[in-house]
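Comments concern the structure below.
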Amino acid sequence: MRRKNLDDYFENLPAHTVTMVRAPAGFGKTTLLADWRKRLLFDGARVAWLSLDFHDNEPTQLLTYLLGALDQAFENDRQTGTSFLSASGNMAPSQVAGFIVNEVQQLGDDIYVFLDDVHELNSAPVLSVLYDLLHYAPPNLHFVLAGRPAMWLGLSRLKLQGRVQETDIGEMRFDIAEAIEFFRLRGHNLLRLTDIDTLNQATEGWVAGLCLAAQSLNRKRNVSEFVETFCGETKEITDYIRETVFRQIGEEDRRWLVRVSILSRFCPNLCDTLLDTTDSEARIHRLIEEVPFIIPLEGTEGWARLHPLLREFLAGEVGQMEAEELRALHKRAATWFSSRGEISEAIHHAIEEGDTARAIGMIARQSRHLVETAQILLLMSWYERLPKSLFVERLDLSVDVGWALTLSMRMDEAAATIAGVEKALAARPDPGRHVHFELQALKAAFYALNDRTFEGMQQAEEWLASGPRDDQFKIGALANVLTYCKTVEGDFAAALDAQVIGESWSAAERSRFTVVYAACVIGQAHEQLGDFAKARDCFEEALRHGEEAGGRRSVPASLPASCLAGLLYDLGDLEGAQKLLAGRFDIACSRTPPSIGIRGPLSLVRVHAADGDMKRALERLDRLEAIAHRLGFIRIVAACLVQRLHFALLANDWRQVRHLLNRLEQMRQPEEKALGRTARSVTNEIICLGMARADCVLGEARRNLAYLQEYLAKAEAMGRFGDQVEGRILLAASLWACGEQAEALDVFRNALAAAMPRGFTRIFREMRLYLLPLLKGVEASTIGEMLPKAKRDFIADLLHPGKEPAASRSEVVSFADANRPQKPVPERIVATREEEPATQPLYQQLTGREREVLACMAEGLTNKEIAVALAITPETVKWYAKQIFVKLGANTRTQAVRQARRARVL
14 MRRKNLDDYF
24 ENLPAHTVTM
34 VRAPAGFGKT
44 TLLADWRKRL
54 LFDGARVAWL
64 SLDFHDNEPT
74 QLLTYLLGAL
84 DQAFENDRQT
94 GTSFLSASGN
104 MAPSQVAGFI
114 VNEVQQLGDD
124 IYVFLDDVHE
134 LNSAPVLSVL
144 YDLLHYAPPN
154 LHFVLAGRPA
164 MWLGLSRLKL
174 QGRVQETDIG
184 EMRFDIAEAI
194 EFFRLRGHNL
204 LRLTDIDTLN
214 QATEGWVAGL
224 CLAAQSLNRK
234 RNVSEFVETF
244 CGETKEITDY
254 IRETVFRQIG
264 EEDRRWLVRV
274 SILSRFCPNL
284 CDTLLDTTDS
294 EARIHRLIEE
304 VPFIIPLEGT
314 EGWARLHPLL
324 REFLAGEVGQ
334 MEAEELRALH
344 KRAATWFSSR
354 GEISEAIHHA
364 IEEGDTARAI
374 GMIARQSRHL
384 VETAQILLLM
394 SWYERLPKSL
404 FVERLDLSVD
414 VGWALTLSMR
424 MDEAAATIAG
434 VEKALAARPD
444 PGRHVHFELQ
454 ALKAAFYALN
464 DRTFEGMQQA
474 EEWLASGPRD
484 DQFKIGALAN
494 VLTYCKTVEG
504 DFAAALDAQV
514 IGESWSAAER
524 SRFTVVYAAC
534 VIGQAHEQLG
544 DFAKARDCFE
554 EALRHGEEAG
564 GRRSVPASLP
574 ASCLAGLLYD
584 LGDLEGAQKL
594 LAGRFDIACS
604 RTPPSIGIRG
614 PLSLVRVHAA
624 DGDMKRALER
634 LDRLEAIAHR
644 LGFIRIVAAC
654 LVQRLHFALL
664 ANDWRQVRHL
674 LNRLEQMRQP
684 EEKALGRTAR
694 SVTNEIICLG
704 MARADCVLGE
714 ARRNLAYLQE
724 YLAKAEAMGR
734 FGDQVEGRIL
744 LAASLWACGE
754 QAEALDVFRN
764 ALAAAMPRGF
774 TRIFREMRLY
784 LLPLLKGVEA
794 STIGEMLPKA
804 KRDFIADLLH
814 PGKEPAASRS
824 EVVSFADANR
834 PQKPVPERIV
844 ATREEEPATQ
854 PLYQQLTGRE
864 REVLACMAEG
874 LTNKEIAVAL
884 AITPETVKWY
894 AKQIFVKLGA
904 NTRTQAVRQA
914 RRARVL
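As structure tokens, then:
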């Protein structure tokens, strides 16, 4: 496959004397060079190729092969009619290099000399010859060299002159786009993006590892299980490492590697201390050459690490060591890291050693810094590995743990921690104001993230009025609490004003965590006001800070990614929304505040539905709803049920519709009007709007007119732009269903007039089912002729939707070419839409999973039993059953099985 990200190096080959491709074994160096050679030959260039091995460390042999390769490049058509090999005669090796340089200089053609596996050359005479060839090469002689990272050719002067370009291991790794293309070419078109992302991260873009994974996939029935368990203990990886690493090195080196594998990174001094030796520097340099899984760390002198797959393989060997020896190794490592201020790694080794007192002392010194820099998952990893009683004994540490639990959405444990601190404070005669303020700030954040916005706002305002003024983390965090709570309340001016408090310090002084959350809550306020450009700027700024703080898949990066994905979806950029959430869905669901981060996951559910992949959409929805139930977020559960209700209405599944309406009715919560608009109010709004949707289809629209008018009036008074558009759409659909057509059209025109100039049109496609009668009425009458052309075209597109743009279908489940026939969108089974004749019998369109469900039906399994057998939810089984009935023209399971057998589907 073409490495498009390396095309610039190929294009610049003529401008450089030397192009070096550096990477360990298995990263595709030879394949890359072969591709470049093929492309040069296609362009008519002169190309010589020489693959090297350890036998070529004799100058005469190397030069003989090189001269022969040059002869093949010119095919003996030089003007002298004499080959390079014969013309060189009996020259000494030192003269042959000058001969080659002089001969090539006299030729008009550029010539490209490819030398593969240059790291095999290590003798001084050979390296001297190669040095002369490279340094005295004329402008028309170009060398392309491939080898291991540690190869040394003394090219400093050439680099200073700009005559050298080189790749490194970072550029040779496969990125996610290349991994997708790789698996597509290997025939794994239906492998999910998240699975590809997992495999690519496990192998760190190592091409050979991806090849082994692809080979294993061909023999696996449960792909997801294989992906989740893929590691250095996978059989294919184990066999590869044993054959390519352990059999190639001596017993002493194997023993050294096993013991060093307890370290995440290492340098010569650390290894000498750990193993009580003095030869680690020489050994590391030698093993980097011999072992493809030892990777030098860029930007650090002498440091290296083991590839994760090798570390996982060696973990099995570590398990065979004597317990006392292993504890001694961890103790030395903890002491070494601690003496150099590397506290995180010192804590890890102290825990592994079993010295919990030492570990908890170091954690207490680090915990506040970790919370303020958004490294809460690291703090949580230590919390999980130590007895909880050790944390309870230290109040400051308990408060920090409470922050980490709250910010990682582990609310039950956070509540227990807060209660424990309060109990300990009550037992102290003089607890001190410092801990009191710490606890009060934590409770404000806890209440806000639990959708108890009124209590959160009270706690935050009280702290900001009387708390210390020198704690930028607390002040920033509580400013974010106020901004969020005021946004829910609908007071956007006060929400934005609250951030003035948090911005009292420069950005460089503020906690990265509070900066990320501040940008997200400010962005939400701007989005609610309809200022999408400002909202996008805020989310993108937060995403940049989040990725800098913790990497792409961290909590600080996943929160703004979810917010931005939701905004992009609303603005019609489905592809952008998908890319933002690739590999982040579970983190966005379970580790970010759902009240802020739900937008992305719910948008991804809708993207899958728009792509016709209801199976994936329902799986995502199941996951999101389960997490919301676990966290006790009723608002998110309600949003998930409303989305299910929408799918059921699209499918004409009236039994499911009634069931979901009953569930939503039971979820309504009593409100305290004196508190204003709270999280409970928002939950009730979600429920009522969902029920209004259903009533439009069920012919009961009139009973929601008063509520929708009241809802719209409140949204307009507060300036909630998106809510105004949604309210107008539903009100217009309801008015039309009640026969009040003139008023319905007026409301609908207002919705279009507000949404279209800002590109906020995706919601009209989402609400198409409820607008269909109105849209058809406009098309059938002369009313539409009075509308501007842009609006007429938009209405026509809503009535007769074509395929989604190819860009919006790029990477959900299948990664085949964009022009591959797409699955039909879910609306194909709505009774009000006229169906085009199918190009093949419906029963032939049964998917693989539908056939599996059908086979289980034939065996007499219930929906619940089918769900257990296929590892899906009963709701998903019902969805497949409905699809099967439609395709087979059946009304019952018995009819479906009979029809399937007649059609030879079973």
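Add 13 to a position in the sequence shown, counting from 1, and you land on the number used in my numbering.
Every residue gets a Cβ at the ideal spot worked out from N, C-alpha and C, and that includes glycine.
- DSSP places His29 outside both helix and strand once states are collapsed to three, so it counts as coil.
- The region 413–425 makes contact with the region 457–475, as at least three CB pairs between them are under 8 Å.
- Counting along the chain, Ser575 sits inside the alpha helix (DSSP H) bounded by residues 568–583.
- When DSSP states are grouped into helix, strand and coil, Leu63 belongs to the strand group.
- As DSSP reads the structure, Ile262 sits in no beta bridge.
- Nearest Cα to Ala793 within the set Leu812, Leu63, Arg565: Leu812.
- Where Val177 is concerned, the enclosing beta strand (DSSP E) starts and stops at 177–180.
- A distance below 8 Å between beta-carbons, with the five flanking residues on each side excluded, links Ala595 to the following residues of its chain, in chain order: Ile189, Leu206, Thr207, Asp210, Glu824.
- Judged by their CB atoms, Met731 and Gly503 are nearer to each other than the 7 Å cut-off.
- Sequence-distant Cβ neighbours of Thr691 in its own chain, meaning closer than 6 Å and more than five residues away, are Thr466, Phe467.
- Beta-bridge partners of Arg318 (DSSP): Ile308.
- DSSP assignment within the region 655–691 yields no whole beta strand (DSSP E) run of 3 residues or more.
- For Ile124, DSSP records a beta bridge to Arg59, Leu154.
- The alpha-carbon separation between Asp20 and Ala36 amounts to approximately 17 Å.
- For Asp130, the three-state secondary structure derived from DSSP is coil.
- When secondary structure is reduced to three states using DSSP, Ala38 falls in the coil class, being assigned neither helix nor strand.
- Taking all protein chains in view, the Cβ of Leu287 is crowded by 16 or more other Cβ atoms within 10 Å, so the residue is classified as buried.
- Following the DSSP letters along the chain, one finds Leu399 in no alpha helix (DSSP H), marked with neither H nor E.
- Taken through DSSP and simplified to helix, strand or coil, Phe279 comes out as strand.
- Below 8 Å, enough C-beta pairs join the region 569–577 and the region 604–618 to call them touching: three or more.
- Within the same chain, and ignoring the five residues on either side of Ile647 in sequence, the residues whose Cβ sits closer than 6 Å to its Cβ are Thr696.
- Under the three-state reduction of DSSP, Ala159 is assigned to strand.
- For Ile488, the enclosing alpha helix (DSSP H) begins and ends at 485–502.
- Under the three-state reduction of DSSP output, Lys172 falls in the helix class.
- Between Leu327 and Val271, the CB-CB gap stays under 7 Å.
- When only Cα atoms are considered, His343 and Glu265 end up about 20 Å apart.
- A residue is called buried once 16 or more other Cβ atoms fall within 10 Å of its Cβ, and Ala764 is buried on that count.
- Counting the other CB atoms within 10 Å of its CB gives Met104 a total below 16, which places it among the exposed residues.
- About 7 Å separates the beta carbons of Ser603 and Met422, which is inside the 8 Å limit, making them a contact pair.
- By alpha-carbon distance to Val710, the top candidate from Leu748, Arg676, Arg733, Phe807 is Leu748.
- Fewer than three beta-carbon pairs drawn from the region 49–61 and the region 314–331 are found closer than 8 Å, and the two stretches are therefore not classed as touching.
- Distance between Leu874 and Ala511, taken at the CA atoms: about 58 Å.
- As summarised for the region 434–489, the continuous alpha helix (DSSP H) elements at least 4 residues long and confined to that stretch are 446–462, 466–479, given in chain order.
- CA-to-CA, the gap between Gly579 and Val157 works out to about 46 Å.
- Of the other Cβ atoms in all chains shown, fewer than 16 fall within 10 Å of the Cβ of Pro770; this residue is therefore exposed.
- Counting along the chain, Glu116 sits inside the alpha helix (DSSP H) bounded by residues 106–119.
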